[in-house]
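Numbering (my numbering), first residue to last: 7 to 420. One structure below.
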RNA sequence: GGGCAGGUACCAAAGUGGACAAAUGGGGCGGGCUGUAAACCCGUAGCGGUAACGCUUCGGAGGUUCGAAUCCUUCCCUGCCCA
């Protein structure tokens, strides 16, 4: 067993491509390396897709290297066409800035920026003030359009259309690398594999401008065993912000993963030692559920903290386990709504309440749910479309609504 | 700027005056089987209504017509070819 983080990252499946494997490995096995990963400010929260780079940064940080997270306040103004089928909607500057702040705060939970051993910077600081003609002369001249057009990342876009603004994205990202190289001595950029071209552009730029050799590393773009993009939930992306995806649902995402994804996920999204992962990976049949529970607990714990993870686990086992324990205690993590006692006493139509708590999107959907036998109150199937929720349904732990096999919502009556 | 082809529901893609709330596939959702898995089977499909039925959809705005996703005008957007 080697104690080089590079080996560990490789073993865990973090590495798709490197600019120079021998050099990168040597570098990471030596003294402190300053490295960076860029994050787009396209939304108010990061999602599961960003978890791979975050975990990789944490591994490197634990190994004594210095992370820089670049929040893309500048690059997001332009929009990266790499691997995308069409141009993303342009965001205004204010939204980008707000997103950047939110993402910065979120990353801080994992990386604990102190401005010294762990840095967060916004590329708006150096990108927005750029002078167009000066930039073209100093930086633009180093880029070959012929080469850019040949790049895999643009292939799809050359068929479907690529605007000039997006075509510039690569130059900006390359310039980011140059900037953090100059300012902080950053010598390694990492990112998703779709970033390979952009990252290499930076490596080249630094070589041409500074005559220095810096490195690049990419992470595989994850798809699940069933070939979906990783991190998709019923209601959209698996956001890391607990306001957007509460810890219970976050936990459920991991529990519900495909059997075949358990080991890769354990390697990428937990810090469990490889021996432990090997043991969990050897489980068969229904025992795999244990591995999923551990995966879900560990992953939830890293993002939302151990307490939230424990609560989510308790709520899940109360809802799905054989012997429900003290419901009141264990259900506390489950998504819930409060209604008044008076309102309950006068009766609430099921269609209405299911819609209200967003277990269904419309009244029609709620009716269909009943007709198809997918609506449950306190785990009893609803048979009659006219059934009404009233005091008879109230249990000591409230009222448990359920849509389909596993979408729960708890009503608390006050 | 010129020529051509297009813009249909979550996505892809039919439809080109009434039978269109709109085929088909994927995805979604529900049920069954199971292990809160996969695969498979069955069902479902805008919104409101138990239903009959009503209301709002086919890039935007106008118009023709008893009647338009389908025809006309205009605007916006995209691709290809030419400049």
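No residue lacks a Cβ here, since even glycine has one placed at the ideal position from N, Cα and C.
Is residue i helix, strand or coil when you go by DSSP?
i           : result
residue 418 : strand
residue 95  : coil
residue 65  : helix
residue 249 : coil
residue 239 : strand
residue 305 : helix
residue 244 : coil
residue 360 : helix
residue 275 : helix
residue 284 : helix
residue 24  : strand
residue 388 : coil
residue 35  : helix
residue 394 : strand
residue 168 : coil
residue 256 : helix
residue 7   : Here residue 7 scores only 42 on pLDDT, less than 50, and its place in the model should not be relied on; the value that follows carries that caveat. If DSSP states are grouped into helix, strand and coil, residue 7 belongs with coil.
residue 2   : In the structure as shown, the chain starts at 7 and stops at 420, and residue 2 therefore has no counterpart that could be examined.
Report the partner residues of residue i according to the DSSP bridge assignment.
i           : result
residue 212 : According to DSSP, residue 212 bridges with nothing at all.
residue 128 : 77
residue 46  : 78
residue 413 : 409
residue 154 : None; residue 154 has no bridge partner.
residue 230 : In DSSP, residue 230 forms no bridge with anything.
residue 344 : 418
residue 261 : Answer is none; residue 261 lacks a bridge partner.
residue 404 : 401
Comparing C-alpha positions only, which one of the options sits nearest to residue i?
i           : options               : result
residue 163 : 327, 181 and 89       : 89
residue 413 : 65, 125, 60 and 322   : 322
residue 420 : 402, 167 and 109      : 402
residue 324 : 204, 254 and 97       : 254
residue 390 : 384, 379 and 238      : 379
residue 131 : 168, 182, 149 and 294 : 182
residue 196 : 30, 231 and 417       : 30
residue 360 : 343, 17 and 348       : 343
Just to confirm the assignment, what range does the beta strand (DSSP E) spanning residue i have?
i           : result
residue 222 : 221 to 225
residue 195 : 194 to 198
residue 54  : Residue 54 -> no beta strand (DSSP E), and no H or E assigned at all.
residue 323 : First-last for residue 323: 312 to 326, but that is the alpha helix (DSSP H), not the beta strand (DSSP E).
Looking at the secondary structure, which residues open and close the alpha helix (DSSP H) in which residue i lies?
i           : result
residue 78  : Where residue 78 is concerned, there is no enclosing alpha helix (DSSP H), although the beta strand (DSSP E) it sits in stretches over 72 to 78.
residue 140 : 138 to 144
residue 11  : 11 to 17
residue 186 : 175 to 190
Compute the minimum distance between the beta carbon of residue i and the heavy atoms of the ligand ADP, and state whether it is under 8 Å.
i           : result
residue 261 : The ligand ADP is absent from the structure shown, which contains no ligands of any kind.
message: Could you check whether the segment 243 to 252 touches the segment 265 to 283, counting it as contact only if at least three pairs of C-beta atoms, one from each stretch, sit closer than 8 Å?
response: no
message: For the structure I just gave you, are there three or more beta carbon pairs, one from the segment 353 to 367 and one from the segment 391 to 399, closer than 8 Å?
response: yes
- request: Determine contact between the segment 211 to 226 and the segment 21 to 38, defined as no fewer than three beta-carbon pairs at a distance below 8 Å.
  value: yes
field: Segment contact, 8 Å Cβ cut-off, at least three pairs: the segment 71 to 89 with the segment 105 to 119
entry: yes
message: I'd like to know if the segment 77 to 88 and the segment 168 to 176 are in contact, where contact means that at least 3 CB-CB pairs between them fall below 8 Å.
response: yes
The segment 198 to 216 contacting the segment 46 to 53, beta-carbon criterion three pairs below 8 Å: no
message: Any contact between the segment 34 to 49 and the segment 174 to 194? By contact I mean 3 or more CB pairs, one from each, below 8 Å.
response: yes
query: Does the segment 90 to 101 come within contact of the segment 210 to 221, defined as at least 3 CB pairs closer than 8 Å?
result: no
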